[in-house]
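Residue numbers (this note's numbering): 2 to 85.
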Amino acid sequence: MATHGAFNRIHLAPTGPDRLPGRPSLVQRVMTRLAEMRRAQRTRRLLAEMDDRLLSDIGIGRGEALMEASRAPWDISRGDTGGR
2 MATHGAFNRI HLAPTGPDRL PGRPSLVQRV MTRLAEMRRA QRTRRLLAEM
52 DDRLLSDIGI GRGEALMEAS RAPWDISRGD TGGR
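Put into structure tokens, the structure is as follows:
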């Protein structure tokens with residue numbers, strides 16, 4: 002019977018292609034994606050709340066702002082993540 006001391010980090014360390022040096026784990030990738038979705042949802046809500054003067058300052062109309070704001074949180078591309 003193995004003792005607690007015999008079960009060390011080597012037994013728990015993930016191996017394989019998902020754990021190459023410098024590559025984030027699945028949990029890290031999911032958390033990053035969730036943060037991107039939350040950021041997109043927040044910025045889309047703020048966009049929908051802008052008045053027409055602010056919208057014209059950034060070069061979009063009310064219809065475009067509302068269309069963007071109505072997108073689902075998971076409907077993002079790499080360019081939509083707000084300053085990344």
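The beta-carbon is built from N, C-alpha and C at its ideal position, and this holds for glycine as well. As the structure is a computational prediction, the values presented were derived from the model and not from experiment.
Between the C-alpha atoms of GLY60 and LEU27, what's the straight-line distance to the nearest angstrom?
-> 38 Å
Can you have a look at ALA41 and say buried or exposed, based on whether 16 or more other CB atoms are within 10 angstroms of its CB?
-> buried
What separation, rounded to the nearest whole angstrom, lies between the Cα atoms of LEU48 and THR33?
-> 22 Å
Cβ distance (whole Å) where ARG63 is taken to contact ASP53 below 8 Å = 6 Å
Over what stretch of residues does the alpha helix (DSSP H) that includes ARG45 continue unbroken?
-> 27–50
Status (buried if at least 16 other CB within 10 Å, exposed otherwise) for GLU37 | buried
With DSSP collapsed to three states, give me the class of ASP58.
-> helix
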